[in-house]
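Comments concern the structure below.
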Ligand SMILES: Cc1ncc(COP(=O)(O)O)c(C=O)c1O
């Protein structure tokens, strides 16, 4: 008899130190534009390394939007976007009036490759956006070289890739912008929030202004309080001081969070070895470090109904699951209606959306929890195979 357990797919990891950090801000009088935001940007840059310059923002989608605005990408331009991603990756392109050109993923990793990107480049292409799928880093040196050869901007969507590195360099630092998410179930949360990252200080400075209405000077740079000019059409995508204080506190546990995820991922992968015909999306090669956001299992050769039945059984058995991502973006109604949907061009993205299950590996789980997930999964897959 297995004991009853309730294993959530993900849960924010909030400690007393986190609560205290937020409370201290609330006990003061600076709730935005303050020292917490600046310190969070500096500490986050130190974690990433390689000369990162950071701008805290209200979400990853805000960071992506700012990236396209800053680089002047707009009407008439094309941006290469993965078909297998969160809708935010494509929405940011749509919001500047450019057209997302969807490219299918590598079925082993869920990532775009330099080869698949190269085939989609046209004279109208202005940028490439890549997503480090479930934390598995894309082969960035090749993709960055391709972007440079064609004079294209390279925007890295690192929403679920905090901690992912390729040959020692943190993702987000290969291209022209790195965009991170601090949504509650991410490696680090500020409730809602994100970070725009650049290797170039002047880019970060300009984006910091765009993030705050396009105002030309910070509070500290105003000779008369309240006096400023607005040379650019900016937005309000700022992060509050409460959020930044929470982010700083979370950052202190990030290495531990990543180490637990790595251990849980390896344990779960090992535990799933007893199940037939599974493909686990994972990083390949030396020097490739994943952030281990979740463990995505693709049920090879089995129809969507089987995947859905397995999910229902797992959930009934107390194992929380998710699907990353539930639809190829070009199949979502907005994109389908606007551009039409070509199934053939998204075969691998469809397999991941329709036949995969994302299993939990977060720091809320103990080794015993992971064993329970693996045993439950293997038992249910075997039952299904014998149906
Ligand atoms: C790949 C990807 N990009 C962007 C986002 C959007 O992040 P945010 O909610 O911070 O805007 C997500 C959210 O999960 C994501 O998975």
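In the working numbering, the protein residues as written are 1268 to 1654.
Every residue, glycine too, gets a C-beta built ideally from N, C-alpha and C.
- Out of 1609, 1591, 1582, point me to the one whose CA is closest to residue 1625's CA. 1591
- Tell me whether the beta-carbon of residue 1376 lies closer than 8 Å to the beta-carbon of residue 1617. no
- Query: Closest to residue 1454 by CA distance: which of 1443, 1280, 1635 is it?
  - Reply: 1280
- Task: Go through the region 1345-1384 residue by residue and report every complete run of the beta strand (DSSP E) that reaches 3 residues or more, in order.
- Result: 1345-1349, 1366-1370
- Using the beta-carbon count (16 or more within 10 Å), is residue 1655 buried or exposed? No answer is possible for residue 1655: the residues shown for the chain start at 1268 and end at 1654.
- Query: Given that a residue counts as buried once 16 or more other Cβ atoms are within 10 Å of its Cβ, and exposed if not, what is residue 1632?
  - Reply: buried
- Query: For residue 1288 versus residue 1338, is the C-beta spacing smaller than 8 Å?
  - Reply: no
- Length of the line joining the Cα atoms of residue 1418 and residue 1593: 33 Å
- Message: Can you determine whether any heavy atom of ligand 1 sits closer than 7 Å to the C-beta of residue 1346, and answer yes or no?
- Response: no
- Task: Excluding the 5 residues preceding and the 5 following residue 1563 in the sequence, name in chain order all residues of the same chain whose CB lies nearer than 8 Å to its CB.
- Result: 1377, 1401, 1547, 1548, 1591, 1619, 1623, 1624, 1625, 1626
- Pick helix, strand or coil for residue 1509, following the three-state DSSP scheme. helix
- Reducing DSSP to helix, strand and coil, say where residue 1400 ends up. helix
- Item | Sequence-ordered residues whose beta carbon comes within less than 6 Å of a heavy atom of ligand 1 | 1326, 1327, 1328, 1352, 1353, 1355, 1356, 1398, 1424, 1426, 1427, 1448, 1450, 1461
- Look at the alpha carbon of residue 1471 and the alpha carbon of residue 1444, and state the distance between them as a whole number of angstroms. 9 Å
- Message: Using a 10 Å radius around the Cβ and a threshold of 16 neighbouring Cβ atoms, would you call residue 1534 buried or exposed?
- Response: buried
- Query: Which class does residue 1268 belong to by DSSP, given the choice of helix, strand or coil?
  - Reply: Note that residue 1268 scores a pLDDT of 47, beneath 50, so its modelled location is shaky and nothing firm can be said.
- Who are the near neighbours of residue 1508 in its chain, counting only those whose CB is closer than 7 Å to its CB and skipping five residues on each side? 1292, 1297, 1298, 1299, 1301, 1303, 1304
- Is it right to say residue 1410 is buried, meaning 16 or more other beta carbons lie within 10 angstroms of its own, or is it exposed? buried
- Residue ranges of each beta strand (DSSP E) run of no fewer than 3 residues wholly in the region 1557-1611, ordered along the chain? 1562-1566
- Item | Residue range of the unbroken alpha helix (DSSP H) whose run includes residue 1614 | 1614-1622
- Between the C-alpha atoms of residue 1415 and residue 1436, what's the straight-line distance to the nearest angstrom? 18 Å
- Message: For residue 1613 and residue 1602, what's the separation of their Cα atoms in angstroms?
- Response: 13 Å
- Item | residue 1428 vs residue 1399 beta-carbon contact at 8 Å | yes
- Based on Cα-Cα distance, which residue from 1379, 1560, 1438 lies nearest to residue 1319? 1438
- Task: Indicate whether the contact test is met: 3 or more Cβ pairs, each with one atom in the region 1484-1494 and one in the region 1513-1530, closer than 8 Å.
- Result: no
- Message: On the CB-based measure, 16 or more other CB atoms within 10 Å of its CB, does residue 1368 come out buried or exposed?
- Response: buried
- Taking the Cβ atom as the reference point for each residue, do residue 1573 and residue 1462 lie within a distance shorter than 8 Å? no
- So, helix, strand or coil for residue 1541, using DSSP? helix
- Compute the beta-carbon to beta-carbon distance between residue 1615 and residue 1371, rounded to the nearest angstrom, for a pair I have assumed lies under 8 Å. 5 Å
- Three-way DSSP call (helix, strand, coil) for residue 1503 in this model: strand
- Query: Quick one: what's got a C-beta closer than 7 Å to residue 1595's C-beta in the same chain, skipping five residues either side?
  - Reply: 1350, 1351, 1613, 1616, 1617, 1620
- Closest by C-alpha distance to residue 1271, when choosing among 1650, 1640, 1649: 1640
- Query: In the DSSP assignment, what residue or residues form a beta bridge with residue 1626?
  - Reply: 1562
- Query: Sorted by chain position, which residues of the same chain lie with C-beta nearer than 7 Å to residue 1555's C-beta, five sequence neighbours on each side aside?
  - Reply: 1404, 1433
- For residue 1545, I'd like the list of residues in its chain whose CB is within less than 8 Å of its CB, leaving aside the five on either flank, ordered along the chain. 1539, 1564, 1565, 1566, 1567, 1648
- Of all the options 1502, 1650, 1466, which has the alpha carbon lying nearest to the alpha carbon of residue 1313? 1466
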